Amino acid sequence: MQARGALMLLGASFFWGTTFVAQMTGMDRLGPFSYAAARYFLGFLSLLAVLIWTRKSRAKERQAEKLSRGFLVGLVCGIFLFAASSMQQISMLYTTAGKAAFITCLYIMFVPLAAVIFGRKILRENWIGAGLALVGLYLLAINEKLTINIGDVILFFSAFVWTAQILAIDKFAAKVDVLELSTAQIFITMVLSFVAMEIFETPTLSAIQNAIVPIAYGGIFSAGVAFTLQIYGQKYAEPAAAAILMSFESIFGAVSSWLILGEAMSGREIFGCALMIAGIFATQWRVITGRR
Numbered sequence: 006m007q008a009r010g011a012l013m014l015l016g017a018s019f020f021w022g023t024t025f026v027a028q029m030t031g032m033d034r035l036g037p038f039s040y041a042a043a044r045y046f047l048g049f050l051s052l053l054a055v056l057i058w059t060r061k062s063r064a065k066e067r068q069a070e071k072l073s074r075g076f077l078v079g080l081v082c083g084i085f086l087f088a089a090s091s092m093q094q095i096s097m098l099y100t101t102a103g104k105a106a107f108i109t110c111l112y113i114m115f116v117p118l119a120a121v122i123f124g125r126k127i128l129r130e131n132w133i134g135a136g137l138a139l140v141g142l143y144l145l146a147i148n149e150k151l152t153i154n155i156g157d158v159i160l161f162f163s164a165f166v167w168t169a170q171i172l173a174i175d176k177f178a179a180k181v182d183v184l185e186l187s188t189a190q191i192f193i194t195m196v197l198s199f200v201a202m203e204i205f206e207t208p209t210l211s212a213i214q215n216a217i218v219p220i221a222y223g224g225i226f227s228a229g230v231a232f233t234l235q236i237y238g239q240k241y242a243e244p245a246a247a248a249i250l251m252s253f254e255s256i257f258g259a260v261s262s263w264l265i266l267g268e269a270m271s272g273r274e275i276f277g278c279a280l281m282i283a284g285i286f287a288t289q290w291r292v293i294t295g296r297r
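Numbering (our numbering), first residue to last: 6 to 297.
Laid out in structure tokens, this is it:
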């Protein structure tokens with residue numbers, strides 16, 4: 006089961022990483038909330054179809070495994086998802102897809118650090134990992150003139166919200182109907198994105214049509230498939246191990262932005278990315294070495 010969960014989380018990280026490119030290109034003529042609304046609308050439709058198709062088999066599974074319905078939990082998780090994804094989408098108006106992928110992955114470091122809220126001890130490797138990641142973030146986000154991009158600042162704070170979303174999923178994934186949870190969180194994210202779009206933006210039909218490919222990719226594969234894979238993966242994998250696997254979205258994001266968008270990083274930025282990866286793995290050192 007752990008191998009199954011690992012493959013699911015790697016699949017999710019691949020789709021998330023490559024979706025950074027779709028998010029960037031999708032906003033050529035669309036605002037961040039308009040792109041998000043269209044993206045999550047497609048994601049919701051794809052999940053709704055699967056939800057209806059599998060309703061009988063899931064009913065038997067809920068009864069056999071004594072699972073609760075997942076809709077209410079999904080609505081709560083969706084609020085975190087809307088906040089985090091909106092901050093990420095807005096930040097990409099000001100920064101690159103590659104940098105966004107790495108800074109977003111700071112949530113991987115925050116997950117074990119957040120354990121202190123629940124009265125757990127912060128281990129030495131957590132402090133080491135945090136230090137490495139923060140130095141890496143400095144090199145990646147702050148230039149030689151000691152100025153920082155506003156998009157990178159937004160991404161940094163979004164990592165805390167992603168942490169809350171991951172911890173919420175971890176708490177409930179093994180207790181509820183996973184597909185209901187995923188569908189509900191995508192639904193509430195879609196609704197809130199439409200509300201924000203109506204307040205802040207005025208998208209045109211032609212702009213949506215021109216962005217249909219990145220909207221479809223971000224909606225079906227990231228919003229629909231990847232977030233569902235995350236929930237299933239966290240159901241079978243330990244939280245710390247899941248954190249490592251999900252951190253690979255930073256690598257997939259950087260590589261895809263280089264291959265498709267032609268984004269290149271300076272030596273300073275590449276070194277900063279390497280330190281951030283080292284910090285992520287240092288934080289999860291006990292899981293990697295099999296220690297507890």
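Yeah, the Cβ is synthetic: ideal placement off N, Cα and C, and Gly gets one too. A quick note: this is a predicted structure, and the numbers were derived from the prediction, not measured.
(message) Cutting at 6 angstroms between CB atoms, please list the residues of its own chain near M32, excluding the five before and the five after it.
(response) Numbered from its first residue, the sequence shown carries residue 32 at position 27. Cβ-Cβ distances below 6 angstroms link M32 to Y40 in the same chain, with the five nearest sequence neighbours on each side left out; the list follows chain order.
(request) Determine the closest residue to A173 out of E66, S211, C82, I193, with distance taken between C-alpha atoms. (result) Taking the sequence shown and counting its residues from 1, the one referred to as residue 173 is at position 168. Its Cα nearest to that of A173, the residue C82 stands out among E66, S211, C82, I193.
(message) If the criterion is Cβ atoms closer than 7 angstroms, does the pair F257 and F19 meet it?
(response) Stepping through the sequence shown from its first residue, residue 257 is reached at position 252. Stepping through the sequence shown from its first residue, residue 19 is reached at position 14. A contact, by the Cβ cut-off of 7 angstroms.
(request) Please determine if the segment 258–267 and the segment 210–228 are in contact, where contact requires at least 3 C-beta pairs separated by less than 8 angstroms. (result) Result no; under three Cβ-Cβ pairs closer than 8 angstroms.
(message) Comparing C-alpha positions only, which one of Q68, G284, G36, S198 sits nearest to Y45?
(response) Here the question's residue 45 lines up with position 40 in the sequence shown. Nearest to Y45 by alpha-carbon distance, out of Q68, G284, G36, S198, is S198.
(message) Applying the 10 Å Cβ sphere with the 16-neighbour rule, what's the burial state of E304?
(response) What is shown of the chain runs 6 to 297, which leaves residue 304 out entirely.
(message) For V55 and A43, I'd like the C-alpha separation in whole angstroms.
(response) Mapped onto the sequence shown, residue 55 falls at position 50. Mapped onto the sequence shown, residue 43 falls at position 38. In this structure, the alpha-carbon of V55 lies about 19 angstroms from that of A43.
(request) Report the three-state DSSP secondary structure of S73 (helix, strand or coil). (result) Looking up residue 73 in the sequence shown gives position 68. For S73, the secondary structure class from DSSP, reduced to helix, strand or coil, is strand.
(message) Using the Cβ count rule (16 or more neighbours within 10 Å means buried), how would you classify M6?
(response) Residue 6 sits at position 1 when you count from the first residue of the sequence shown. Residue placement at M6 cannot be trusted, given a pLDDT of 48 that sits under 50; what the coordinates show is reported in the next sentence. Classification of M6: exposed, given that the 10 Å Cβ count is below 16.
(request) Output yes or no for whether 7 angstroms exceeds the beta carbon distance between V26 and L186. (result) Residue 26 sits at position 21 when you count from the first residue of the sequence shown. Residue 186 sits at position 181 when you count from the first residue of the sequence shown. For V26 and L186, no; Cβs fall outside 7 angstroms.
(request) Could you give the DSSP three-state label for M6: helix, strand or coil? (result) Numbered from its first residue, the sequence shown carries residue 6 at position 1. Residue placement at M6 is flagged as unreliable, the pLDDT there being 48, under the threshold of 50; the coordinate-derived value follows with that caveat. Per DSSP, reduced to three states, the secondary structure at M6 is coil, with no helix or strand assignment.
(message) Pairs of beta-carbons, one from the segment 53–68 and one from the segment 156–164, closer than 8 angstroms: are there three or more?
(response) No: fewer than three Cβ pairs fall under 8 angstroms.
(request) Quick one: using the 10 Å Cβ neighbour count with 16 as the cut-off for buried, is I155 buried or exposed? (result) The count along the sequence shown starts at 1 and reaches residue 155 at position 150. Result: exposed.
(message) Within 10 Å of its beta-carbon, does F205 have 16 or more other beta-carbons around it, so buried, or fewer, so exposed?
(response) For the purposes of this step, residue 205 is taken as residue 200 along the sequence shown, with counting starting at 1. It is exposed - the Cβ of F205 has fewer than 16 other Cβ atoms within 10 Å.
(request) Going by CA-CA distance only, name the one from G284, F115, G267, A283 that's closest to G103. (result) Against the sequence shown, residue 103 aligns to sequence position 98. Nearest option by C-alpha distance: G267.
(message) Given this structure, state the Cα-to-Cα distance separating L111 from F253, to the nearest angstrom.
(response) Mapped onto the sequence shown, residue 111 falls at position 106. Mapped onto the sequence shown, residue 253 falls at position 248. When rounded, the distance between both Cα atoms is 12 angstroms.
(message) Do A17 and Q235 count as a contact pair if the criterion is CB distance below 7 angstroms?
(response) As a first step, residue 235 is located in the sequence shown; it is residue number 230 there, counting from the start. As a first step, residue 17 is located in the sequence shown; it is residue number 12 there, counting from the start. Yes, the pair counts as a contact, with Cβ atoms nearer than the cut-off.
(message) Quick check: what's the CA-CA separation for S227 versus T188?
(response) Numbered from 1 along the sequence shown, position 222 holds the residue referred to as residue 227. Numbered from 1 along the sequence shown, position 183 holds the residue referred to as residue 188. Cα-Cα distance, rounded: 13 angstroms.
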